[in-house]
Amino acid sequence: MSDHYVKVKVQFEQMKSFGEDAEQEGVDAEVQGTDSVSPVTSSITTLGTDSPKTPISCKQRSKSRSKPSKEEKNKHISDLSLFGSVAASHVGKNLNRLHHERMLHVKGTGRILQGRSESNGNFMLNNPPKHMQETRRGDGAKLAKKKRPVTVDTSKAKTSLEALKISIKQLKWKEFPLGRRAACDIYWHGVSFHDNENINSGQVNKFPGMIEMLRKINLSRAVRTTQELFPEEYDFYPRSWILPEEYQLFSTQMRMVKENDSTVNPTFIVKPDGGSQGDGIYLIRDPSDLKLMAGSQARQAVVQEYIQRPLLIDKLKFDIRLYVLIKSLEPLEIYIAKEGLTRFCTEPYQEPCQKNLSHVFMHLTNYSLNVHSGKFVHSDSQSTGSKRTLSSVLYRLAAKGVDIKKVWSDIISLVIKTVIAVVPELKVYYQADIPPGKPGPTCFQILGFDILLMKNLKPVLLEVNSNPSMRIEHEQEVTPGVFEFVPSPVDEEVKVAVIRDTLRLMDPGHKKFSFSQPKAAFEQGAEIPIEAESQERSPDEGGALPSLCLKQVYPKYTKQFNHLRLVERIATLFIRFLGVKGNMRLGPTAFRTFIRTCKLSNSNFTMASVDIVYIDITRRWSGSTPESREAGMGLHAFVEAFFSLAARRFKSLVLKEQIVSLLDLCEAQLDSPIGEDRRSLSCSRAMPRASKTQAHPQLSSPAPARRAASQDQRLNQRLRSITLRSSVEN
Numbered sequence: 028m029s030d031h032y033v034k035v036k037v038q039f040e041q042m043k044s045f046g047e048d049a050e051q052e053g054v055d056a057e058v059q060g061t062d063s064v065s066p067v068t069s070s071i072t073t074l075g076t077d078s079p080k081t082p083i084s085c086k087q088r089s090k091s092r093s094k095p096s097k098e099e100k101n102k103h104i105s106d107l108s109l110f111g112s113v114a115a116s117h118v119g120k121n122l123n124r125l126h127h128e129r130m131l132h133v134k135g136t137g138r139i140l141q142g143r144s145e146s147n148g149n150f151m152l153n154n155p156p157k158h159m160q161e162t163r164r165g166d167g168a169k170l171a172k173k174k175r176p177v178t179v180d181t182s183k184a185k186t187s188l189e190a191l192k193i194s195i196k197q198l199k200w201k202e203f204p205l206g207r208r209a210a211c212d213i214y215w216h217g218v219s220f221h222d223n224e225n226i227n228s229g230q231v232n233k234f235p236g237m238i239e240m241l242r243k244i245n246l247s248r249a250v251r252t253t254q255e256l257f258p259e260e261y262d263f264y265p266r267s268w269i270l271p272e273e274y275q276l277f278s279t280q281m282r283m284v285k286e287n288d289s290t291v292n293p294t295f296i297v298k299p300d301g302g303s304q305g306d307g308i309y310l311i312r313d314p315s316d317l318k319l320m321a322g323s324q325a326r327q328a329v330v331q332e333y334i335q336r337p338l339l340i341d342k343l344k345f346d347i348r349l350y351v352l353i354k355s356l357e358p359l360e361i362y363i364a365k366e367g368l369t370r371f372c373t374e375p376y377q378e379p380c381q382k383n384l385s386h387v388f389m390h391l392t393n394y395s396l397n398v399h400s401g402k403f404v405h406s407d408s409q410s411t412g413s414k415r416t417l418s419s420v421l422y423r424l425a426a427k428g429v430d431i432k433k434v435w436s437d438i439i440s441l442v443i444k445t446v447i448a449v450v451p452e453l454k455v456y457y458q459a460d461i462p463p464g465k466p467g468p469t470c471f472q473i474l475g476f477d478i479l480l481m482k483n484l485k486p487v488l489l490e491v492n493s494n495p496s497m498r499i500e501h502e503q504e505v506t507p508g509v510f511e512f513v514p515s516p517v518d519e520e521v522k523v524a525v526i527r528d529t530l531r532l533m534d535p536g537h538k539k540f541s542f543s544q545p546k547a548a549f550e551q552g553a554e555i556p557i558e559a560e561s562q563e564r565s566p567d568e569g570g571a572l573p574s575l576c577l578k579q580v581y582p583k584y585t586k587q588f589n590h591l592r593l594v595e596r597i598a599t600l601f602i603r604f605l606g607v608k609g610n611m612r613l614g615p616t617a618f619r620t621f622i623r624t625c626k627l628s629n630s631n632f633t634m635a636s637v638d639i640v641y642i643d644i645t646r647r648w649s650g651s652t653p654e655s656r657e658a659g660m661g662l663h664a665f666v667e668a669f670f671s672l673a674a675r676r677f678k679s680l681v682l683k684e685q686i687v688s689l690l691d692l693c694e695a696q697l698d699s700p701i702g703e704d705r706r707s708l709s710c711s712r713a714m715p716r717a718s719k720t721q722a723h724p725q726l727s728s729p730a731p732a733r734r735a736a737s738q739d740q741r742l743n744q745r746l747r748s749i750t751l752r753s754s755v756e757n
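All residue numbers in the sequence shown are consecutive under our numbering, ending with 757.
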């Protein structure tokens with residue numbers, strides 16, 4: 028036995044209801060305690076640590092403190108520490124209560140420490156010494172610093188990879204360039220939502236259907252629909268015709284214009300539907316110059332009025348590439364980058380005439396075209412060269428007395444209205460890939476808006492790019508015909524900030540972050556105020572990063588633009604009656620169910636007339652989109668049918684009021700109890716009702732309840748056959 032001998036007495040506090048004796052093994056520390064309720068005292072004798080097997084004498088007393096028990100148990104002590112934890116491997120029934128208060132008397136120090144026992148057997152001090160508190164605070168700070176970094180899968184990033192790597196490094200996040208088996212927080216795709224098909228969680232930087240939605244034809248159709256309802260609000264988009272289906276209409280209108288005024292000879296720009304980077308764009312002055320065929324197939328394209336009076340700087344035509352973030356669809360959140368790019372032509376501008384129509388470096392601002400011009404100027408300065416920052420151009424305009432706030436206000440309005448126009452069909456695509464209730468990721472996306480400023484400073488929308496180039500290098504010709512990529516300071520300044528701050532907004536740890544809503548409500552048509560940068564708050568708590576370059580514009584200005592979302596309400600009805608999850612078209616039975624549920628048929632508009640309307644509109648739209656293999660009524664066809672129904676029912680009102688009235692009627696019918704019952708039976712997207720008694724809470728006596736249940740059963744049987752026919756037809 029060792030000469031060093033330490034003796035400590037331990038006494039545990041117990042509740043009155045537990046008077047049984049306790050046994051304890053594996054004690055790490057030597058303590059002495061007192062118990063005023065149910066005294067059970069254990070005396071632990073610890074011998075020196077040099078003994079291979081240390082015997083422990085544990086004396087248990089009876090209720091009388093003066094007569095100790097002679098029973099002893101040998102226990103093994105693995106460690107000895109003055110401020111160690113009291114770890115118990117087997118605890119008696121009287122110690123099953125967690126967080127049990129204890130008094131701990133350290134033998135030989137005169138200290139009495141009060142604490143409580145944890146479920147893992149550790150002894151926690153209520154008032155730990157100051158040096159222990161400081162140690163804990165230090166440990167907590169270390170844990171905070173070691174918080175799990177956000178993970179980003181960059182395996183599909185493609186051309187945006189370099190800017191993305193810089194952004195991730197600035198944020199001190201973790202990149203997975205080759206992908207990861209475990210789920211990542213963010214997936215950065217290069218082209219499409221479907222770049223990676225096996226994503227069930229996290230966030231993806233692409234929306235399903237965005238590529239299709241922002242093709243030239245679909246964008247023109249979406250804007251045209253909203254132009255019908257709000258012609259004065261959507262005057263920022265040039266008049267357009269869709270080829271080849273509207274070729275005759277275009278030819279007829281141009282012939283009439285020239286017959287009325289022979290001096291008028293407008294110019295038009297033709298854009299292939301799936302074209303990008305200026306590929307296939309050309310100018311015409313006569314419909315006979317259209318190139319309608321591409322081999323044996325008709326060429327899908329959009330022909331638009333050419334803006335003949337653009338704003339010039341240094342005698343050059345230019346456009347604005349503005350980056351817009353759609354953070355979510357439901358609720359709709361839109362952010363605009365405060366900094367953008369301006370792309371300049373490389374030949375001085377002249378009004379279009381027959382001689383210069385083919386001069387693409389004069390009329391087309393596309394960077395991918397002008398970079399091949401011998402006059403293209405690569406510059407490290409943000410205010411010179413063929414590509415400059417937007418702020419440098421606005422600074423020059425402000426120096427000439429231009430009201431920059433008014434220009435920004437008009438640009439913000441254009442962006443919000445354009446997004447509102449494309450959201451309805453985008454929601455249809457979204458529910459097809461990520462139906463409600465199906466596990467899947469959430470989405471966000473950066474869009475590239477190409478905007479032209481007219482001489483009167485009015486912004487005009489040229490197009491919207493679903494995959495704007497995020498390269499931070501530019502092409503430079505080193506030898507004739509040989510190009511290489513060299514760093515571009517202008518691109519890096521703008522694009523890295525956009526990607527970095529997009530990631531900051533999508534940080535899973537800051538999902539609840541949002542800008543404060545304005546206190547004042549802006550009336551329709553009012554100018555949008557532009558706040559100073561100092562008012563923008565950053566989700567970066569440490570303040571190590573600059574303030575956000577992305578400014579929230581919606582829902583910040585909801586009250587000013589919410590009245591424009593009528594087509595989105597129509598799309599909500601369309602999705603509600605689609606029936607089968609993942610479907611994007613209404614079958615004839617689903618359309619009849621919509622008419623019947625919303626009570627739109629009457630003696631003058633029978634169900635036979637409903638079928639005729641469905642067949643007529645569906646056949647016309649299927650002919651306009653020959654590439655579509657799906658049968659049924661798509662969203663655009665449903666919108667046309669809805670307009671027709673509104674005009675039939677509310678003849679005395681103007682178009683916008685007709686649509687609003689019919690929407691209110693349909694929504695009221697769907698919110699009614701009967702309409703809800705029918706919807707739950709005929710549409711698989713509806714949530715089933717809990718029970719029949721809940722559907723009729725006002726019925727208390729057995730007889731009415733039985734009659735109501737019988738009615739529900741008959742309705743169920745009747746509509747079951749309708750649903751069966753719908754699934755067969757669809």
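All C-beta atoms, glycine included, are put in the ideal place defined by N, C-alpha and C.
Within its own chain, the residues whose Cβ lies closer than 7 Å to the Cβ of Gln335, once the five positions on either side in sequence are excluded, are Thr294, Glu378 and Pro379, listed in chain order.
A Cβ-Cβ distance of about 4 Å is found for the pair Val329 and Lys243, placing them in contact under the 8 Å criterion.
Of all alpha-carbon atoms in Asn227, Gly367, Trp215 and Lys201, the one lying nearest the alpha-carbon of Gly464 is that of Asn227. Here Trp268 has Phe277 and Val330 as same chain residues with Cβ atoms under 6 Å from its own Cβ, once five neighbours each way along the sequence are excluded. Straight-line spacing of the CA atoms in Val442 and Arg282 works out to 34 Å. Listed in chain order, the beta strand (DSSP E) elements of length 3 or more contained wholly in the region 265-292 are 267-270. By the criterion of at least three beta-carbon pairs nearer than 8 Å, the region 379-394 is not in contact with the region 513-524. When beta bridges are read from the DSSP output, His405 appears opposite no residue.
Annotated three-state conformation of Asn383 is coil, per DSSP.
For Leu479, the enclosing beta strand (DSSP E) starts and ends at Gln472 to Leu480.
In this structure, DSSP gives Pro358 a state outside helix and strand, which the three-state scheme calls coil. Per DSSP, reduced to three states, the secondary structure at Gln304 is coil, with no helix or strand assignment. Setting aside the 5 residues that flank it on each side, Leu474 is surrounded in the same chain by Val351 and Val491, each with a C-beta closer than 6 Å to its C-beta; the list follows chain order. Straight through space, the alpha carbons of Leu613 and Ser289 are spaced by roughly 48 Å.
A Cβ-Cβ distance of about 7 Å is found for the pair Val487 and Pro265, placing them in contact under the 8 Å criterion. The C-beta distance from Thr620 to Leu697 rounds to 12 Å, too long to meet the 8 Å contact threshold. Ranked by Cα distance from Ile353, the options Gly367, Tyr581 and Ser182 are led by Tyr581.
For the pair of segments examined, the region 356-368 was found not to touch the region 496-506: the number of CB pairs separated by less than 8 Å stays below three.
DSSP, read as helix, strand or coil, puts Tyr261 in coil. By the beta-carbon neighbour count (other beta carbons within 10 angstroms, threshold 16), Asp316 is exposed. Here the C-alpha atom of Pro516 lies approximately 35 Å from the C-alpha atom of Asn245. Under DSSP, the beta-bridge partners assigned to Gln230 are Ile213 and Thr469.
If you look at Ala668, you'll find it in the alpha helix (DSSP H) that goes Leu662 to Arg676.
If you look at Lys578, you'll find it in the beta strand (DSSP E) that goes Leu577 to Tyr581. Within the model, the alpha-carbon separation for Glu511 versus Leu530 is close to 29 Å. By the criterion of a C-beta distance shorter than 6 Å, Lys285 is surrounded by no residue of its chain, once the five residues flanking it on both sides are discounted. Secondary structure at Val330: strand, using DSSP grouped into helix, strand and coil.
Inter-residue distance for Gln304 and Val398 is about 11 Å (C-alpha atoms, whole angstroms).
In the DSSP assignment, Phe588 forms no beta bridge with any residue. If you compare the alpha carbons of Gly367, Gln197 and Asn292 with that of Arg415, the shortest gap goes to Gly367. Contact check between the region 571-581 and the region 663-680: fewer than three CB pairs, one atom from each, fall below 8 Å, which does not count as touching. Distances from the CA of Arg527 to each of Ser649, Asn483 and Lys192 were compared; the closest alpha carbon is that of Lys192.
Taking a contact to require three or more Cβ pairs closer than 8 Å, the region 436-453 and the region 204-215 do not qualify as touching.
Contact annotation: Lys683 and Leu256 have beta-carbon atoms nearer than 7 Å. According to the DSSP secondary-structure assignment, Leu352 is paired through a beta bridge with Tyr362 and Ile473.
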